[in-house]
Amino acid sequence: MIKTLNKFIRDDSGAVMVLVALGLVALIGSMALVIDAGVGYAARMKASNAVDAAVLAGSQELPDDPTAALNAAKNYVSLNGVDLADVTFSIGEDHRSITGDINREQDMYFAHIFGINTRNLKAHAKVKVGPATKLGAGTGVVPIGVLQDDIKYNQPIVMKEGGGSGLQGWYGSLDLESLTGGNGGSSTYEHYLTYGYDGEGTVGYNTLILEENGNMNSANANAIEYRMDLCAAECDVECTPENYDPDCPRFVVVPVGYMEADNKHFHVTSFAAFFIMDYTGNGKDNYITGQFIKPYYITGAEVDDTITDNGVYARVLCE
Ligand SMILES: [Zn+2]
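Counting from 131, one number per residue, gives the positions in the sequence shown under our numbering.
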């Protein structure tokens with residue numbers, strides 16, 4: 131080969147020109163491929179991120195308002211520089227999913243040399259919305275168990291520890307340490323009620339949680355006072371059940387379920403979101419006034435369509 135090449139170089143400058151020309155075509159061709167591949171990759175990533183963000187934004191209106199969900203998704207994708215003509219959004223029949231597809235022609239740069247002017251660019255995303263399960267750290271779940279029958283919306287609720295007296299029951303104070311095999315007390319109870327559960331375990335459908343024994347009066351008082359003060363200090367509006375900052379610390383996510391026959395374990399079947407309005411307590415008589423609110427969205431949990439829907443939803447980017 132070297133010998134042949136040398137022969138060309140020495141004996142035939144015309145052939146050398148041909149070789150150089152062929153080499154240049156190959157070089158430019160590969161440059162075209164590399165640059166256009168890079169530009170194409172960047173465009174696909176941008177489209178993919180835009181459609182992900184759009185369906186996530188839209189999903190915040192589901193399942194209650196599919197029209198608002200579509201509008202939110204369109205608005206979001208436009209803000210991210212995508213032409214609305216290039217994107218379609220659709221809502222699932224049960225209003226529990228939103229899908230977005232971007233489909234457009236992407237301009238090529240160097241590939242024009244070879245007569246290739248555009249390439250098809252596609253991006254797809256789907257978000258599923260449904261009753262939340264497997265709530266772990268950061269989901270806002272607190273150690274208060276509530277019975278399913280006591281979940282009522284659009285009205286103030288006075289929950290009393292242990293239930294009874296014609297008031298809606300807050301059936302029991304729960305020991306969330308038991309999720310990881312431990313045994314808590316009033317100080318861990320207070321911590322979890324103040325900040326939301328931040329341990330290693332998760333609470334989900336069919337989870338059994340030990341009931342917390344003892345008087346939780348001061349733990350309840352401290353935790354709720356902390357939340358009310360933080361709301362006053364940090365929320366953008368003066369929060370009420372009708373008009374609140376979505377991140378308001380007065381929101382707690384309570385496990386909903388029933389007491390096992392052993393009278394020691396609370397059996398979780400679902401979750402509900404409670405907006406705290408007031409707390410009064412004395413001795414064993416602890417009262418939390420507030421309102422159950424739906425929908426309420428949490429991040430970092432899983433969706434389970436089979437469990438009771440009390441309006442606490444997780445959103446999962448599933449495609
Ligand atoms: Zn607030």
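Glycine included, each C-beta is placed from N, C-alpha and C at the ideal position.
If you're wondering where the values come from, they're calculated on a predicted model, not measured in any experiment.
{"query": "Identify whether K204 lies in helix, strand or coil by the three-state DSSP scheme.", "result": "helix"}
{"query": "So the candidates are G315, G188, A151, A255; which of them puts its Cα closest to the Cα of A177?", "result": "A255"}
{"query": "Under 6 Å, CB to any heavy atom of ligand 1. Which residues pass, going along the chain?", "result": "C361, C365, C369, Y374, D375, C378, R380"}
{"query": "Let's test the definition: count the other Cβ atoms within 10 Å of the Cβ of E307 and tell me whether it reaches 16, buried, or not, exposed.", "result": "buried"}
{"query": "Considering only residues of the same chain and omitting the five flanking positions on each side of A241, which have a CB-CB separation below 6 Å?", "result": "A162, D166"}
{"query": "Where do the N-terminal and C-terminal ends of the beta strand (DSSP E) with H321 fall, by residue?", "result": "Taken as a continuous stretch (DSSP letters only), H321 belongs to no beta strand (DSSP E), being part of the alpha helix (DSSP H) at 316-325."}
{"query": "So A198 and I221 are supposed to be a Cβ contact under 8 Å. How far apart are they, rounded?", "result": "With a Cβ gap of about 10 Å, A198 and I221 do not count as contacting."}
{"query": "Does the contact criterion of 3 or more C-beta pairs under 8 Å hold for the segment 434-445 versus the segment 310-327?", "result": "no"}
{"query": "Any chance you could list the beta strand (DSSP E) runs of at least 3 consecutive residues sitting entirely within the segment 348-418, in chain order?", "result": "381-389, 395-412"}
{"query": "Ignoring anything shorter than 3 residues or poking outside the segment 164-220, list the beta strand (DSSP E) runs there in chain order.", "result": "none"}
{"query": "Verify whether the separation of the beta carbon atoms of V288 and S189 is less than 7 Å.", "result": "no"}
{"query": "Mapping the DSSP letters down to three states, classify A255 as helix, strand or coil.", "result": "strand"}
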